[in-house]
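Just so you know, the numbering used here puts 505 at position 493 of the sequence shown, and the rest follows in order with no gaps. Quick reminder that beta carbons are idealized off the backbone N, C-alpha and C, glycines included. Model, not experiment: these values are computed from the prediction. Each remark here refers to the structure printed beneath this line.
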Amino acid sequence: MTNQSEMTNYLQAFVEGMISSGVEQAVISPGSRSTPLALLLHRQAQIETFIEVDERSAAFFALGLSKASTKPVVLLCTSGTAAANYYPAICEANASHIPLIILTTDRPHELRQVGAPQAMDQFHLFQNHVKEFIEMAIPEGTKVMLDYAYWQGMRATDTACQIPKGPVHLNFPLREPLLPDLNQSLVTEKTTEIFAGKKQLSEEQLAECVDVWQGKKGVLVVGGSHTPEEAKIFIELAEMLNWPILSDPLANITSGSKESPLIMSYADLFIQEVEMIQYPEVVIRFGMLPISKNTMLWLQSLNETTTIYFVDETGEWQDQLKQTQVAIQAEEQTFAKEITGKIKTRTADSWRNQWIDWQEKTEQQLTELSEMKTLNETSASILVHKKMTKNGQLFVSNSNAIRFLDRFSTPKGNHYHLFGNRGINGIDGIISTALGMCATNPDRQNVLLIGDLAMYHDMNGLLLAKRYNLPLTIVLLNNNGGGIFSFLSQRQLKVEDFEPIFGTPIDLDFSLVAQLYGAEYVKAETLEQLELLLEATQKQPKFQLIEVVGDRQENVLLYEKVIDGLKKKLGKK
């Protein structure tokens, strides 16, 4: 058996192992050293492959595929700095628990640290940002090594999918010749079944929680990313307890599959402005904190009379407030379902009614503002939310875009799926991740809400939409710079300091960007025009860029006007 034949069987056995554990998609960044794996993946009928030459974009695209499909996705590149460009997306995948299988190819050991070209140290390249690093053996054709390759492919994929989910990195040293034998069939074919259970509490522990919670004044706080189906489970628990529910936008409580008056979608606006007479006796937190800083400050202000429960299925103790008095390590949806089925006593309506009153008064305040009836970044973001169709997919960028949705959106019966990159909260790779979302369900309405700096940061990703005919509608909020800093302490700086360092105007003509990548371009001039454009995306998805020109200072003034009016409506002195 030749070296070429041995390498082919070895790598094919590895691929079969990944398939056995559920891999169905791979993103390949072409290069020389990765040739054999790239060809074997590309020719594998059970794996859909995408090609992206920009490794940073490729990694975020894989992230988006996995987010939308909830399945592990393979990421492959050649040796050298190619793998280093994966770093930002891998950090995001690790923080947001997305199962990626990163395959980097490498020089064999005899060509390392001797000055060979395109050779760098790839050992533990991603450090603590991956769940596991595996340095693969040099390919051999013995049965022992074929079993080894299959086992590593199967085990690495399963490891990535175990809670807490996350990326796994495998490094493949490969000797030349690098072309596999594409005519030979596998020496052996294997399949393996994997049965995995869920982390659950005992009946005694569940009963103890029910005894403490039912009938008490309480609040549910849901963070992290969840599917609409998962969101429905949390809402049903809130309704059974008769408690208000505060959540992160990506929890899909506000946009998900069930409406309820207990959903406090305007909590970020009112929670620091109300005169709270009754405080919660119990707070149950699921996952990480929501995006709302005001919600975080309110939770931080609670004293020892409120018992804080923290449900964390990862077991990673991701509680930045460090207030937890009872930590529950169990699978979140299973736990919520079991508790819901055991609640017998609901909390008195007086507790929920004060929260519903605050929510309704905030909505009244927003409907009275004339600014909500004209085109600006805030009203455009609300309209995007309202015009999402059932089962549509909306990806929202970081900085201002996600905050507009968090503050101003409320359940309106459209029941779509909201995605974002909130693990590390960066603005890099947003377009590529959204296109991965779109590629998973291209027949649905797919929309990206993004700011101009995040758009500029990942323009290379637009090539994926052109190459694969991905019908993503991009709604661009263009205030010519870093609008988020106008809400932060940096706003106190003099203009000559603020503008070049934090305002960072880029003065780009985005119609030319759309032309370069083959997207249709429209500059929305009115709220009515934007509404028609968004309604069209419900019926005929297509690759297009809709630009909404905004003003950084206008965003701040509108927010301040909302808060000032809300204080009066709530009677705060």
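Cβ-Cβ separation, residue j to residue i (assumed contact under 8 Å), whole Å
i, j, result
"N490", "V534", "Contact flag wrong, Cβ pair sits at about 13 Å."
"D280", "N306", "5 Å"
"I462", "L488", "6 Å"
"G227", "T357", "4 Å"
"E241", "S269", "6 Å"
"D418", "I303", "5 Å"
"L51", "V27", "At roughly 11 Å, the Cβ-Cβ gap does not stay under 8 Å, so L51 and V27 are not in contact."
"E293", "K373", "That belief does not hold up - the Cβ atoms of E293 and K373 are roughly 24 Å apart, past 8 Å."
"I414", "P256", "With 8 Å as the limit, I414 and P256 do not qualify as a contact, their Cβ atoms being about 22 Å apart."
"N183", "D118", "5 Å"
"Q556", "A536", "In fact, because the Cβ distance is near 11 Å, the residues do not count as touching under 8 Å."
"I110", "K211", "Their Cβ separation, rounded to whole angstroms, is 19 Å, which puts I110 and K211 out of contact at 8 Å."
Simplified DSSP state of residue i, which is helix, strand or coil
i, result
"E144", "strand"
"D159", "helix"
"T319", "strand"
"P185", "strand"
"G283", "With the sequence shown as reference, residue 283 is identified as Ile, and Gly is not the correct amino acid for it. In the structure shown, I283 sits in coil (DSSP, three-state: anything other than H, G, I, E or B)."
"Q405", "strand"
"G165", "helix"
"Q556", "strand"
"E60", "strand"
"Q226", "coil"
"S421", "coil"
"V568", "helix"
"D361", "helix"
"I247", "helix"
"Y533", "strand"
"F497", "helix"
"A128", "coil"
"A149", "coil"
"V180", "strand"
"V295", "strand"
"L311", "helix"
"G463", "strand"
"H238", "coil"
Length of the line joining the Cα atoms of residue i and residue j
i, j, result
"F416", "T336", "29 Å"
"Q366", "L314", "18 Å"
"P192", "L186", "11 Å"
"D170", "V142", "14 Å"
"T266", "H397", "10 Å"
"G495", "F322", "34 Å"
"T93", "Q376", "54 Å"
"M300", "G235", "5 Å"
"Q405", "V126", "50 Å"
"Y278", "D576", "15 Å"
"F72", "T445", "5 Å"
"L545", "A348", "39 Å"
"C221", "A342", "13 Å"
"G473", "S69", "5 Å"
"F510", "R503", "7 Å"
"P120", "T20", "16 Å"
"F102", "V86", "The residue asked about is misnamed: residue 102 is Ile in this sequence, not Phe. Taking the straight line from one Cα to the other gives about 12 Å."
Status (buried if at least 16 other CB within 10 Å, exposed otherwise) for residue i
i, result
"F282", "buried"
"F246", "buried"
"A25", "buried"
"N481", "exposed"
"Y162", "buried"
"D440", "buried"
"W329", "exposed"
"H469", "buried"
"V507", "exposed"
"A208", "exposed"
"S590", "In the structure displayed, the chain extends from 13 to 585; residue 590 sits before or after that span and is not available."
"V156", "exposed"
"T154", "exposed"
"V35", "buried"
"L43", "Sequence check: residue 43 is Gly here, not Leu. With 16 or more other Cβ atoms within 10 Å, it is buried."
"E285", "buried"
"P189", "exposed"
"G327", "exposed"
Cβ neighbours of residue i in the same chain (closer than 7 Å, five flanking residues each side left out)
i, result
"T204", "S32 and M166"
"T549", "Q457, V459 and T485"
Own chain partners of residue i with C-beta closer than 6 Å, once the 5 adjacent residues on each side are dropped
i, result
"L570", "E383 and T390"
"R297", "V233 and F322"
"L258", "V233, M276, A279 and T307"
"Q371", "M276 and Y278"
Residues near residue i by beta carbon distance below 8 Å, same chain, minus five either side
i, result
"S411", "I439, G463, L465, A466, G494, G495 and I496"
"Q527", "Y533"
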